[in-house]
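Enquirer: Read in the UniProt record's numbering, the sequence shown has 192 at position 192, and its numbers run on one by one without any break.
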Amino acid sequence: MASSKITPEQNLAILKSTVDTISALIVQLQSSSPKDSNANSNINALDLAHDTASLIRAHSTKLSLLIINKPFTASAISTVLRELVSGPLPGLASAVELCNAAKYTKAMSAELQWRAKKVLMELGTLVKAIPLDGKTLSEDLKNGTGKTGGKGSLASTGVLWEACDGVAELRKLGIAGLMIKKADEYRDLLKDALEELQEWGEEESDESDGEDETAEEETDGADTSAQDAVDSMFASQRHISSEDPDKIRPRLDSAQKRLRLVILMYQAVVKRRFKTLPHLPRREIEAKPDEDTGIINCVDEVMDVLRKIPDITDELASAFYELDGAGIDKRMDECFFTGFAAAELLVKNWEGKEDEFTVWARKFQVAMKKEWQDLP
Numbered sequence: 001m002a003s004s005k006i007t008p009e010q011n012l013a014i015l016k017s018t019v020d021t022i023s024a025l026i027v028q029l030q031s032s033s034p035k036d037s038n039a040n041s042n043i044n045a046l047d048l049a050h051d052t053a054s055l056i057r058a059h060s061t062k063l064s065l066l067i068i069n070k071p072f073t074a075s076a077i078s079t080v081l082r083e084l085v086s087g088p089l090p091g092l093a094s095a096v097e098l099c100n101a102a103k104y105t106k107a108m109s110a111e112l113q114w115r116a117k118k119v120l121m122e123l124g125t126l127v128k129a130i131p132l133d134g135k136t137l138s139e140d141l142k143n144g145t146g147k148t149g150g151k152g153s154l155a156s157t158g159v160l161w162e163a164c165d166g167v168a169e170l171r172k173l174g175i176a177g178l179m180i181k182k183a184d185e186y187r188d189l190l191k192d193a194l195e196e197l198q199e200w201g202e203e204e205s206d207e208s209d210g211e212d213e214t215a216e217e218e219t220d221g222a223d224t225s226a227q228d229a230v231d232s233m234f235a236s237q238r239h240i241s242s243e244d245p246d247k248i249r250p251r252l253d254s255a256q257k258r259l260r261l262v263i264l265m266y267q268a269v270v271k272r273r274f275k276t277l278p279h280l281p282r283r284e285i286e287a288k289p290d291e292d293t294g295i296i297n298c299v300d301e302v303m304d305v306l307r308k309i310p311d312i313t314d315e316l317a318s319a320f321y322e323l324d325g326a327g328i329d330k331r332m333d334e335c336f337f338t339g340f341a342a343a344e345l346l347v348k349n350w351e352g353k354e355d356e357f358t359v360w361a362r363k364f365q366v367a368m369k370k371e372w373q374d375l376p
């Protein structure tokens, strides 16, 4: 009677086939776009994402140990891969589909999609590290040393853990937490822009063009290092002259004052609106669905506005650096009217009532208008 025991060669062949299967699935999931077919599901997308990411992390730990520790067990590796294919990977894809913008905001939907694709990419890297010759990884392949190149399987595992933790974090963060995180990031960009404008405004105009030309002639034909090129670039930056015929200085002073107001607006929005945002999506699916939709649409609009302001501010700074009066006026209008609009969107609280922030928002809008009217 023939033995039914699977040989090592057969186990290795099965492993190769399983690696091909999971690799194809990862590629498929990376290239697919989320659908809104499960928009009415009662399953919480962030809970599902947390659980599936945690499972992927645990399985990646097993996989990482199996490919570096002797004896090499192809069947055990195949088992881990099959478990990933049958549960956590499709589950993560389902979580991304469930996390649609209509229920979870555009920001959360995009964030989960991005973080999930990071998990898939890093898992794909670890799967590629699986040895198919029946031997465990060498020290070089494990640690990314020697002539092998790459970061090694241990480092790949660590990066995958971090990606999984990033997905799992979204459940704890929640929609309100993500809005706060992003608003703080945008505010920090504005602070950086304000600081750069202040430093630029304090620098004196370089009116010694003749000296610059002489210096250039002296170095003509000489090898210019990378540092010399950088120094030259900054040395040639234009600054406000003492005469200031185009009235750049008053514009700069006004822009700085209003940027400070906009930064305060970000802080007020976080404290008085995002930190008081009701739990979304509602656990009671049938309770006030229209009200939920209105809040989510408002959050989406506000985040779109808050995201635009740092980009416009960068363009405003560029206009100042070029001493472009018309460009400065255009970007100032665009930047500060956008901030004005953000405050208007949130002038009432999530219950549609006026509160302490309402009073502050009105004062903020008046101050923004005054700064513009006072400009010569």
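Don't be surprised by glycine CBs; every beta carbon is placed ideally from N, CA and C.
1. Curious, which full-length beta strand (DSSP E) runs of at least 3 residues does the region 84-114 contain?
2. Rounded to a whole number of angstroms, what is the C-alpha to C-alpha distance between Leu98 and Gly152?
3. Can you say whether Thr145 is buried or exposed, counting buried as having 16 or more other CB atoms within 10 angstroms of its CB?
4. Near Asn69, which residues of its chain fall below 8 Å by C-beta distance, leaving aside the five closest residues on each side in sequence?
5. For the alpha helix (DSSP H) that Ile328 lies in, which residues bound it at each end?
6. Please list, in chain order, all residues of the same chain as Lys106 whose beta carbon is under 6 Å from its beta carbon, the five residues on each side excluded.
7. Let me make sure I understand the geometry here. Which of Lys370, Ser156 and Val96 has the alpha-carbon closest to that of Lys257?
8. Closest to Ala361 by C-alpha separation, out of Asp304, Val262 and Thr313, would be which residue?
9. Please classify His50 as buried or exposed, where buried requires at least 16 neighbouring CB atoms within 10 angstroms.
10. Within the same chain, show all residues whose beta-carbon is closer than 8 Å to that of Leu126, passing over the 5 residues directly before and after it, in chain order.
11. Can you give the Cα-Cα distance for Ser33 and Lys117, rounded to whole angstroms?
12. Going by DSSP in three states, Ala317 sits in which element: helix, strand or coil?
13. To which residues of the same chain is Ser54 closer than 8 Å at the C-beta, ignoring the five residues directly before and after it?
14. Among the candidates Lys128, Ser94, Tyr321 and Arg115, whose CA atom is the shortest distance from the CA of Ile77?
15. Considering only residues of the same chain and omitting the five flanking positions on each side of Ile296, which have a CB-CB separation below 6 Å?
16. Could you name the residues of the same chain whose beta carbon sits closer than 6 Å to that of Ser17, not counting the 5 residues immediately before and after it, in chain order?
17. Out of Lys103, Asn11 and Lys330, state which residue places its alpha-carbon closest to the alpha-carbon of Pro281.
18. Tell me which residue opens and which closes the alpha helix (DSSP H) that Ser17 is part of.
19. Compute the Euclidean distance between the alpha carbons of Ile22 and Ile43, then round it to the nearest angstrom.
20. Suppose contacts are defined by Cβ-Cβ distances below 8 Å. Is Ile67 in contact with Leu84 by that definition?
Expert: In this structure, then:
1. For the region 84-114, not a single whole beta strand (DSSP E) run of length 3 or above is found.
2. Within the sequence shown, the letter at position 98 stands for residue 98. Within the sequence shown, the letter at position 152 stands for residue 152. C-alpha of Leu98 to C-alpha of Gly152: approximately 35 Å in a straight line.
3. Taking the first residue of the sequence shown as position 1, residue 145 is located at position 145. Counting the other CB atoms within 10 Å of its CB gives Thr145 a total below 16, which places it among the exposed residues.
4. Sequence index remark: in the sequence shown, residue 69 carries index 69 (1-based). Here Asn69 has Thr136 as same chain residues with Cβ atoms under 8 Å from its own Cβ, once five neighbours each way along the sequence are excluded.
5. Position 328 of the sequence shown holds residue 328. DSSP places Ile328 inside the alpha helix (DSSP H), whose first and last residues are Gly325 to Leu345.
6. Position 106 of the sequence shown, counted from the first residue, corresponds to residue 106. Hits under 6 Å: Asp300.
7. As a working mapping, residue 257 is identified with position 257 in the sequence shown. Taking only the C-alpha atoms, the option nearest Lys257 is Lys370.
8. Sequence index remark: in the sequence shown, residue 361 carries index 361 (1-based). Closest in alpha carbon position to Ala361, among Asp304, Val262 and Thr313, is Val262.
9. The residue you call residue 50 lines up with position 50 of the sequence shown. When all chains shown are included, His50 counts as buried.
10. Within the sequence shown, residue 126 is the residue found at index 126, counting from 1. Answer for Leu126: Ser60, Leu63, Ser64, Ser153, Ser156, Thr157 and Leu160, listed in chain order.
11. Within the sequence shown, numbered from 1, the residue matching residue 33 stands at position 33. Within the sequence shown, numbered from 1, the residue matching residue 117 stands at position 117. Rounded to the nearest angstrom, the two C-alpha atoms are 11 Å apart.
12. Reading the sequence shown from its first residue, position 317 is the one you call residue 317. Three-state DSSP puts Ala317 in a helix.
13. As a first step, residue 54 must be located in the sequence shown, where it is residue number 54. Contacts found: Cys164 and Ala168.
14. For this step, residue 77 is matched to residue 77 along the sequence shown. Of Lys128, Ser94, Tyr321 and Arg115, the residue nearest in Cα terms is Lys128.
15. For the purposes of this step, residue 296 is identified with residue 296 of the sequence shown, where counting begins at 1. Scanning its chain for C-beta atoms nearer than 6 Å, with the 5 sequence neighbours on each side dropped, one finds around Ile296 the residues Thr105, in chain order.
16. Stepping through the sequence shown from its first residue, residue 17 is reached at position 17. Excluding the 5 residues flanking it on each side, Ser17 has no same chain C-beta neighbour closer than 6 Å.
17. The residue labelled residue 281 in the question sits at position 281 within the sequence shown. Comparing Cα positions, the closest option is Lys103.
18. The residue labelled residue 17 in the question sits at position 17 within the sequence shown. Residue range Pro8 to Ser31 is occupied by the alpha helix (DSSP H) that includes Ser17.
19. Within the sequence shown, the letter at position 22 stands for residue 22. Within the sequence shown, the letter at position 43 stands for residue 43. Those two C-alpha atoms are separated by around 26 Å.
20. Within the sequence shown, residue 67 is the residue found at index 67, counting from 1. Within the sequence shown, residue 84 is the residue found at index 84, counting from 1. 8 Å or more divides the Cβ of Ile67 from the Cβ of Leu84.
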